[in-house]
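Remarks on the structure that follows.
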Amino acid sequence: MRVLAPTTARGRGAALPGKAPPALPVALMAALRSLGSALVWRARPAFPRSFRQSQRNHRLTPSDDELLQKTTIHHLERESPNIMFIENYTNFGFSINGNTVVGPCAILPEAILQWNVGTYKDIIPDSLVLFYMLEPKIEIVVLGTGGKVERLDPDVLKCLQQRGIAVEVQSTPNACATFNFLVSERRVTAAGLIPPPPGTISE
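Using the working numbering, the letters of the sequence shown correspond one by one to residues 123 to 325.
Laid out in structure tokens, this is it:
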């Protein structure tokens, strides 16, 4: 298993340019080795420039002009470089702490992983194992099911709830905002996010 930031939905690519992935704690490494097909760590460069320019995205952090205004999003801006923070999302992936991640991803307190699901229908108990095998224990997991809230099988969520982990199921745009809010409140939070499909991101 490679210890790299994930990017592709199929797990193919190369390491992100210009940044070496951070070293992971021994306990986290041991937990990840036991997860098998629930996740794959791979990386590739950020979106090509021409590709980025042709896609609509939704930014979750303020621009320079917006910093002069009093807005809610300004107060939720990442205060510490040591926490995960979703900066924006597109139909193809997410920007997290300056790294572009393509496809579904799992965000943990100290790592970003490729999440081995295609749609919300692929979220099964095995898909959620990584959220309860880590220490310190995750308090809440935010699941983003795409462009809208999708109903998940209650038995699937029980594997987290029975371990004392709260679960929020939301549309991916709302899940991104909820995740940022929770980490800004210093909650031990994780997220499993599926990019919203084309046509579901508004200006």
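Beta carbons: idealized from backbone N, C-alpha and C, even for Gly.
Here the structure is a predicted model, which is why all the values come from computation and not from measurement.
Classification of residue i by the beta-carbon crowding that lies within 10 angstroms, buried from 16 upward
| i | result |
| --- | --- |
| GLU209 | buried |
| GLY220 | exposed |
| THR241 | exposed |
| PRO276 | exposed |
| GLY321 | exposed |
| PRO319 | exposed |
| GLY286 | exposed |
| PRO258 | exposed |
| GLN284 | exposed |
CB of residue i within 7 angstroms of CB of residue j, strictly
| i | j | result |
| --- | --- | --- |
| THR311 | LEU304 | yes |
| ILE234 | VAL223 | yes |
| ASN213 | PRO317 | yes |
| ARG266 | LEU315 | This sequence places Gly at residue 266; Arg is not what is there. Taking 7 angstroms as the Cβ cut-off, GLY266 and LEU315 qualify as a contacting pair. |
Residues near residue i in its chain [Cβ-Cβ closer than 7 angstroms; skip 5 each side]
| i | result |
| --- | --- |
| ARG309 | GLU261, ILE262 |
| LEU282 | LEU250, PHE253, TYR254, VAL263, VAL289 |
| CYS227 | PRO128, PHE216, ILE234, LEU235, GLN236, TRP237, LEU315 |
| VAL271 | VAL291, GLN292, SER293 |
| LEU274 | TYR242, ILE245, VAL291 |
Those residues which DSSP pairs with residue i across a bridge
| i | result |
| --- | --- |
| ILE218 | ILE208, ASN221 |
| ILE245 | DSSP lists no partner for ILE245. |
| VAL264 | GLU290, ALA313 |
Supposed close pair residue i, residue j - CB separation, criterion 8 angstroms
| i | j | result |
| --- | --- | --- |
| VAL291 | ILE246 | The Cβ separation is near 14 angstroms, so there is no contact. |
Sequence-distant residues of the same chain with beta carbon closer than 6 angstroms to residue i, five excluded per side
| i | result |
| --- | --- |
| ALA168 | For ALA168, the predicted model reports a pLDDT of 39, less than 50, meaning its position is unreliable and no value from the coordinates is stated. |
| ALA313 | ILE229, VAL264, PHE301 |
| LEU299 | It is Ala, not Leu, that sits at residue 299 in the sequence shown. Correct list: empty, nothing qualifies. |
Close beta carbons around residue i, own chain, < 8 angstroms, minus the five adjacent residues each side
| i | result |
| --- | --- |
| GLY268 | THR241, TYR242, SER293, THR294, ILE316, PRO317, PRO318, PRO319, THR322 |
| ILE218 | MET206, PHE207, ILE208, GLU209, CYS227, ILE229, ILE234 |
| LYS280 | none |
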